[in-house]
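K.L.:
Residue numbers (the numbering used here): 955 to 1337.
In this text, a Cβ means the ideal position worked out from N, Cα and C, and glycines have one as well.
Everything numeric in this text was worked out from a predicted model, so none of it was measured.
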Ligand code: PLP
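1. According to DSSP, is residue 1001 helix, strand or coil?
2. Can you tell me where the alpha helix (DSSP H) with residue 1063 in it begins and where it stops?
3. Using only alpha-carbon positions, find the residue among 1099, 1265, 1274, 1135 that is nearest to residue 1238.
4. Tell me whether residue 1071 counts as near ligand 3, meaning its Cβ is closer than 8 angstroms to at least one heavy atom of that ligand.
5. So, at 8 angstroms on beta carbons, what are the nonlocal neighbours of residue 989 in its own chain, with the 5 sequence-adjacent residues on each side left out?
6. What beta strand (DSSP E) runs, 3 residues minimum, are completely inside the stretch 1167–1215?
7. Is residue 1039 close to ligand 1? I mean its beta-carbon at under 8 angstroms from any heavy atom of the ligand.
8. Is the number of C-beta pairs between the stretch 1305–1318 and the stretch 1200–1217 that are closer than 8 angstroms three or more?
9. What residue from 1277, 1190, 1014, 1243 has the CA that sits closest to residue 1226's CA?
10. Only counting runs of 3 or more residues, tell me where the beta strand (DSSP E) segments fall wholly within the stretch 1030–1114, in order along the chain.
11. Exposed or buried, residue 1336, counting other C-beta atoms within 10 Å across all chains shown (16 or more means buried)?
12. Does the beta-carbon of residue 1155, which I'm using as the reference point, lie nearer than 8 angstroms to any heavy atom of ligand 1?
13. CB of residue 1051 to nearest heavy atom of ligand 1: below 8 angstroms?
14. Tell me whether residue 1131 counts as near ligand 1, meaning its Cβ is closer than 8 angstroms to at least one heavy atom of that ligand.
15. Below 7 angstroms CB to CB, which residues in the same chain sit around residue 1122 once its five sequence neighbours on both sides are set aside?
16. Taking the alpha helix (DSSP H) that residue 1153 belongs to, which residues open and close that run?
17. Quick test of your reading: residue 1321 and residue 1299, contact by CB under 8 angstroms. State the CB separation rounded to the nearest angstrom.
18. If we require 4 or more residues per run, which alpha helix (DSSP H) segments fall completely within the stretch 1238–1299?
19. The alpha helix (DSSP H) with residue 948 in it runs from where to where?
20. Between 1216, 1144, 1247, 1281, which has its C-alpha nearest residue 1319's C-alpha?
21. Look at the alpha carbon of residue 1119 and the alpha carbon of residue 1108, and state the distance between them as a whole number of angstroms.
22. Using DSSP with H/G/I as helix, E/B as strand and the rest coil, what is residue 982?
23. What are the start and end residues of the alpha helix (DSSP H) that includes residue 1018?
24. Is it right to say residue 1297 is buried, meaning 16 or more other beta carbons lie within 10 angstroms of its own, or is it exposed?
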């Protein structure tokens, strides 16, 4: 690491310099990749370098990426995992059998599906609630006194907005740990810890990496001494849900342009949301940047620099029309996931038909392409 103090610097500067990471052996301005799984000891049997003994505990590339993520998230500690779901599971494994958890309704379907299964296996009472409705969230926390409350904002694919500061007040008063899945916002557009969340979670597979070529997850906290954080950290290293050096190296490389990418992607998404809002074939647009979005005021207060790259819209013609439009798009790739430099379109109803997703809904992950090209593509596909 170079002598690089991140406290007074803005995200774009911290990211461009990878938080000050250099290759200390060569002076290279890019950190080296360290692939060794085990580390030598000297004749006195002390580790030759620091306390490095084995890759599961001592992974230099993971340390570099975690330090950078920490600086961007304004956190005190961060942990990387081999996928976003591994990070979700790491949090829930700390919940004692028989406890209860409050989880936001209609969030990323993979999270809901796994939590339902996990809670059933561990006799944990699961209360699913519309957390964008503060009264409903408050009532659920007051009634059930959960060990943990889990929210996702903006939510995928409904783009609902949860008021993090107000939710944190509720969880503090009722004794729950508040965890925020901030994947769609990224550490550049929102820092939930600043608003009182205990832990922030990301699928780093998405915009944090940004190039659709790394599967990774992340957790960050402002209170590394908290028992839950210590439990997660120990479990990560001993149970082995660790990221490989190559993925961590790629993640660091991806994060160097995260602020720049989020600026462009948010600006593109805002233009396309307005275009779709004005289009006669479109019944509804879900994008928190639109002034008539129900969560716009809260989003504007807790997000900075844009509203993200994720947007959903509902076509008047229902499922057949949505699939027809998706099939006609030329630039938007028909693929799941989000946050990459290339724009994607997804018909979520095909993926999760029994969850109340409107058949006519298409979800867009807006990339960094020329916005005029993207708008033309949508225009020709809508017809
Ligand atoms: N959280 C959100 C909001 C997601 O969109 C996803 C994946 O799409 C996940 C968590 C899970 O992350 P991963 O696919 O990296 O396991």
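P.N.:
With the structure as the only source:
1. strand
2. 1063–1075
3. 1265
4. Among the ligands in the structure shown, ligand 3 does not appear; only ligand 1 can be found there.
5. 1199, 1200
6. 1171–1175
7. yes
8. no
9. 1243
10. 1031–1035, 1054–1058, 1079–1083, 1102–1106
11. buried
12. yes
13. no
14. no
15. 1132, 1149, 1150, 1151
16. Note, residue 1153: premise wrong, no alpha helix (DSSP H); beta strand (DSSP E) at 1153–1157.
17. Not really, about 11 angstroms apart at Cβ, beyond 8 angstroms.
18. 1250–1256, 1272–1282
19. Any question about residue 948 goes unanswered here, given that the chain covers just 955 to 1337.
20. 1216
21. 14 angstroms
22. strand
23. 1014–1027
24. buried
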